[in-house]
Amino acid sequence: MGGGGQGQAKQWPTMSFDLVLKILSEIHHPHLLLLLGACLDHGCLVFEYMENGSLEDRLIRKNGTPPIPWFERYRIAWEVASALAFLHNSKPKPIIHRDLKPANILLDRNLVSKIGDVGLSMILHSDSCDTGPVGTLSYIDPEYQRTGSISPKSDVYAFGMIILQLLTAKPAIALPHIVETALSDGHLLEILDPEAGNWPIEETKELAELGLNCAELWRRDRPDLEEKVLPALERLKKVADRAQDSASRLRPSPPNHFICPIIKDVMDDPCVAADGYTYNRKAIEFWLEANNTSPMTNMPLLDKNLIPNYTLLSAIMEWKSRH
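Written out as structure tokens, the structure is:
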């Protein structure tokens, strides 16, 4: 996804655009990529800008970016699992991502993770002509490959692969075999990503075993996401939280798209103006009393109507409650 302005833009096929817009406007979770706006004429959706790019790029340290500490990786695993559980509990049908992988997990400036491309997965799921497996080879559920039958456990398989990559920063190909061999030989420490810091051995061994369980070849052998995986990750997250506290990290700053361009502060009543930008209501109303142009572009505004951005407001409120 390309970035710029207040968000990242992604273009969709015209026939599927209305479906994607409907889906993404109805689902919200702190670890799903947030929809900020849409351009109906061009079939373009605008998502929040994620300063640290994809998890895939950060694990391989693309462009010399700093390594992700082990305790952040524990937390990212929990965040992704919580978002998956939310999707799988959607009504009337579970939302199955189908293409979960590090490239579709994006990180903000504070390394908070969010799953992207959820709308695409729903289009594929609703396509009656879709008969073959969809996804990225190393992350596709083997049972789905054999039978063409998809289930929430298909996402669990891909999530298991992601756990193993969080631990090792290695490519996904044959990774379960590499980790399983290292565990059985007592050499797990040798394959862990050394750039992540001093891994706690017992907890990391538990996380590696959890990743392998999720990546079992048969669905029946994979653990239940809510009953087994999330509770285990919540325990490990507590270990990570203690390590993070001891590292004396600074208080996270708010994401850029939470900031009103006029008052340069977190919005408490975000509204979309006719120029397509989101402002704090009081700030833009005060501006419009004396101006007929956009504060951002200086171009004339077609009207002075304001549309409440409830999705962004919900995200801001969640962020405030955490910080």
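In our numbering, the protein residues as written are 1 to 323. Where is the CB? At the ideal position from N, CA and C, for every residue including glycine.
Point to revise | Element boundaries [alpha helix (DSSP H), containing I95] | key: As a working note, residue 95 is residue 95 in the sequence shown. Taken as a continuous stretch (DSSP letters only), I95 belongs to no alpha helix (DSSP H), as it is neither H nor E.
**Asked** Hey, which unbroken runs of the beta strand (DSSP E) at 3 residues or more fall wholly within the segment 21-92?
**Response** You should have 35-39 and 44-48.
| query | Terminal residues of the continuous beta strand (DSSP E) containing S113? | reply | Taking the sequence shown and counting its residues from 1, one reaches residue 113 at position 113. Looking at the DSSP string, the run of the beta strand (DSSP E) that includes S113 is S113 to I115.
Tell me where the alpha helix (DSSP H) around L107 begins and ends.
-> Counted from its first residue, the sequence shown places residue 107 at position 107. Per DSSP, L107 lies in no alpha helix (DSSP H) segment; the continuous beta strand (DSSP E) that holds it begins and ends at I105 to L107.
Have a look at the DSSP bridge pairing and note the partners of Y279. Here residue 279 corresponds to residue number 279 of the sequence shown, with the count starting at 1. Listed as beta-bridge partners of Y279 by DSSP are C271.
**Request:** Ignore the nearest five residues each way along the sequence and tell me which others in D303's own chain have a CB closer than 6 Å to its CB.
**Result:** Counting from one through the sequence shown, the residue named residue 303 turns up at place 303. Excluding sequence neighbours, D303 sits near A274.
Next item on the list: On a CA-only basis, which of K101, Q165, E72 and I68 is nearest D245? Give me that one, please.
Entry: Stepping through the sequence shown from its first residue, residue 245 is reached at position 245. It is E72.
Going along the chain, which residues of its own chain have a beta-carbon closer than 7 Å to the beta-carbon of D41, five neighbours each way excluded?
Here residue 41 is taken as the residue at index 41 of the sequence shown, counted from 1. Within the same chain, D41 has no close Cβ partners at all.
Alpha carbons only, please: which of G116, T65 and T311 is nearest the one belonging to L87? Your numbering for residue 87 matches position 87 in the sequence shown. The shortest C-alpha to C-alpha distance from L87 to any of G116, T65 and T311 is the one to G116.
> Exposed or buried, which one is T278 when buried takes at least 16 other CB atoms within 10 Å?
Replying inline: Working through the sequence shown from its first residue, we reach residue 278 at position 278. Counting C-beta atoms within 10 angstroms of its own C-beta, T278 has 16 or more neighbours from the protein chains shown and is therefore classed as buried.
Just how far apart, CA to CA, sit L188 and D224?
For this step, residue 188 is matched to residue 188 along the sequence shown. For this step, residue 224 is matched to residue 224 along the sequence shown. Taking the CA atoms as reference points, L188 sits about 25 Å from D224.
The alpha helix (DSSP H) that contains H177, what's its start and end? The sequence position of residue 177 within the sequence shown is 177, counting from 1. In this chain, the alpha helix (DSSP H) harbouring H177 covers L175 to D185.
What residue range does the alpha helix (DSSP H) around K304 cover?
Position 304 of the sequence shown, counted from the start, is the residue given in the question as residue 304. Run containing K304: none; DSSP gives neither H nor E here.
Requested in this report: Please report how far the alpha carbon of F47 lies from the alpha carbon of K114, in whole angstroms.
Outcome: Position 47 of the sequence shown holds residue 47. Position 114 of the sequence shown holds residue 114. Their backbone Cα atoms lie some 11 Å apart in a straight line.
For this session: Could you tell me which residues DSSP puts in a beta bridge with V266?
Result: By 1-based counting over the sequence shown, the position of residue 266 is 266. Paired residues: I259.
- Starting from G160 and walking both ways along the alpha helix (DSSP H), at which residues does that stretch end? As a first step, residue 160 is located in the sequence shown; it is residue number 160 there, counting from the start. G160 -> alpha helix (DSSP H) spans P152 to T168.
*asked:* Looking at P326: is its Cβ nearer than 8 Å to the Cβ of R75?
replied: Residue coverage of the chain in this structure runs from 1 to 323, which leaves residue 326 outside it and unanswerable.
If you pair each beta-carbon of the segment 307-319 with each one of the segment 23-38, do three or more pairs fall below 8 Å?
Yes, the segment 307-319 touches the segment 23-38.
Could you tell me whether the segment 134-152 touches the segment 94-103, using the rule of 3 or more Cβ pairs below 8 Å? The answer is yes - the segment 94-103 touches the segment 134-152, with three or more Cβ pairs under 8 Å.
Residue of L167, C260, H177 and P171 minimising C-alpha distance to E203:
Position 203 of the sequence shown, counting from 1, holds the residue named residue 203. The residue with the shortest Cα to Cα distance from E203 is L167.
| Which residue or residues does DSSP assign as beta-bridge partners of T293? | On the sequence shown, position 293 is the one that residue 293 refers to. According to DSSP, T293 bridges with P300.
| message | With a threshold of 8 Å on Cβ separation, who are the neighbours of K269 within its own chain once the five nearest residues in sequence on each side are excluded? | response | Taking the sequence shown and counting its residues from 1, one reaches residue 269 at position 269. The sequence given here has Asp at residue 269, not Lys. Sequence-distant Cβ neighbours of D269 in its own chain, meaning closer than 8 Å and more than five residues away, are N280, R281, K282, P308 and L313.
**Request:** Check the DSSP bridge columns for P308 and list the partner residues they point to.
**Result:** Within the sequence shown, residue 308 is the residue found at index 308, counting from 1. Answer by DSSP bridge pairing, in chain order: C271.
Notebook entry, point to check: Can you tell which of K22, L34, L21 and Y139 has its C-alpha closest to the C-alpha of F258?
Noted result: Looking up residue 258 in the sequence shown gives position 258. Nearest C-alpha to F258: L34.
- Task: Between the Cα of V179 and those of I191, A103 and V266, spot the shortest distance and give me the residue it belongs to.
- Result: Residue mapping note: residue 179 aligns to position 179 of the sequence shown, counting from 1. For the residues I191, A103 and V266, the minimum Cα distance to V179 belongs to I191.
Note to self: Looking at the secondary structure, which residues open and close the alpha helix (DSSP H) in which V239 lies?
What the structure shows: Residue 239 sits at position 239 when you count from the first residue of the sequence shown. For V239, the enclosing alpha helix (DSSP H) covers residues L230 to S246.
- Query: Taking the alpha-carbon positions, what's the N305 to G276 distance?
  - Reply: The count along the sequence shown starts at 1 and reaches residue 305 at position 305. The count along the sequence shown starts at 1 and reaches residue 276 at position 276. Distance between the alpha carbons of N305 and G276 is about 11 Å.
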